[in-house]
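Residues 5 to 177, numbered by the working numbering, are exactly what the sequence shown covers, in order. C-beta atoms are modelled at their ideal positions from N, C-alpha and C, and glycine is treated no differently. Report on the following structure.
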Amino acid sequence: NRKDGENKDDQTKMPLLVYISREKRPSHPHRFKAGALNALLRVSGIMSNGPYLLVLDCDMYCNDPASARQSMCFHLDPQISRSIAFVQYPQIFYNVSKNDIYDGQARSAYKTKWQGMDGLRGPVFTGTGYYLKKKALYGSPNQDDKFLEEPEKNFGLSSKFIASLKGSNEQDT
Numbered sequence: 005n006r007k008d009g010e011n012k013d014d015q016t017k018m019p020l021l022v023y024i025s026r027e028k029r030p031s032h033p034h035r036f037k038a039g040a041l042n043a044l045l046r047v048s049g050i051m052s053n054g055p056y057l058l059v060l061d062c063d064m065y066c067n068d069p070a071s072a073r074q075s076m077c078f079h080l081d082p083q084i085s086r087s088i089a090f091v092q093y094p095q096i097f098y099n100v101s102k103n104d105i106y107d108g109q110a111r112s113a114y115k116t117k118w119q120g121m122d123g124l125r126g127p128v129f130t131g132t133g134y135y136l137k138k139k140a141l142y143g144s145p146n147q148d149d150k151f152l153e154e155p156e157k158n159f160g161l162s163s164k165f166i167a168s169l170k171g172s173n174e175q176d177t
């Protein structure tokens, strides 16, 4: 039995989470993952304008419910945040042979090869299972924002989307 004020405070502390999917039509090229990410960026820019995105393939899901909190530990760390564009998690596959003679789970890539690439400024990007900082796509503190000088030419005619880009680019993280 909470008072109305306490319940309201709890709700305001919760982040806005939005699930976005898109319709594919045979008559319109959908541009595969790039098209899905473009749709995600446009819709999320208008709905929430959150600075981070979780990106998953349509046949994947997040295996660890604590991954968002763990990712934010990296993204919000004041000492390393400016140098991070994304935090990526290994893909975990199911229904793989218990012997897995062809390394279908890609264990060698995630557990050996990519961890060794950390000294080279990070591993390769798998394209799924990552928390992305939107600012990494739209500019950085060390760059001039030339794309925002003529935003309609670079991002389309949506005034709400362009306003969201300008707002997210003014944030520190």
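- Query: What number of angstroms, rounded off, separates the C-alpha of P94 from the C-alpha of R29?
  - Reply: Cα to Cα, P94 sits roughly 31 Å from R29.
- Counting pairs of beta carbons, one from the segment 50–59 and one from the segment 129–140, are three or more of them closer than 8 Å? Yes, the segment 50–59 is in contact with the segment 129–140.
- Item | Sequence-distant residues of the same chain with beta carbon closer than 8 Å to M64, five excluded per side | Closer than 8 Å at the Cβ level, and outside the excluded window around M64, lie Q95, T132, G133.
- Item | Reference M51, options L21, H32, H79, Q74, closest by Cα | Comparing alpha carbon positions, the residue from L21, H32, H79, Q74 closest to M51 is L21.
- Figure out for me which residue from N67, R46, P33, I24 has the closest Cα to the Cα of S162. If we check each option's Cα against that of S162, R46 comes out closest.
- Query: Among residues of its own chain, excluding the 5 on either side of K37, which ones have a beta-carbon nearer than 8 Å to its beta-carbon?
  - Reply: Excluding residues within five positions, the ones whose Cβ falls inside 8 Å are D61, G131.
- Query: Mind checking F129: buried by the 16 CB within 10 Å criterion, or exposed?
  - Reply: The residue in question, F129, is exposed, as its Cβ has fewer than 16 Cβ neighbours within 10 Å.
- Query: Excluding sequence positions up to five away, which residues of its chain have a Cβ less than 7 Å from the Cβ of F78?
  - Reply: In its chain, beyond the 5 residues on either side, I84, I88, V91 have a beta carbon closer than 7 Å to the beta carbon of F78.
- Task: With DSSP as the reference, please indicate the residues paired to Y134 in a beta bridge.
- Result: Note: Y134 is bridge-paired with V59, Q92 in the DSSP secondary-structure output.
- Task: Taking only the alpha-carbon atoms, compute the straight-line gap between M76 and G49 and give it to the nearest angstrom.
- Result: Answer to the nearest angstrom: the Cα atoms are 19 Å apart.
- Message: Measuring only the C-alpha atoms, how far is S71 from P82?
- Response: Taking the Cα positions, S71 is about 19 Å away from P82.
- Query: Excluding five sequence neighbours on each side, which residues of the same chain lie with their C-beta closer than 8 Å to the C-beta of K164?
  - Reply: Only G49, I50 meet the Cβ criterion.
- Item | Coil, strand or helix - I166 by DSSP | In the three-state scheme derived from DSSP, where H, G and I count as helix and E and B as strand, I166 is classed as helix.
- Using DSSP with H/G/I as helix, E/B as strand and the rest coil, what is Y65? If DSSP states are grouped into helix, strand and coil, Y65 belongs with coil.
- With a cut-off of 8 Å on the beta carbons, I'd call L44 and I24 a contact; round off their distance for me. 5 Å between Cβ atoms; contact.
- Along the alpha helix (DSSP H) that carries R46, what are the first and last residues, could you check? Its alpha helix (DSSP H) spans residues 36–51.
- Could you check the C-alpha separation between Q74 and P55 for me, to the nearest Å? Looking at the two C-alpha atoms, the distance is approximately 16 Å.
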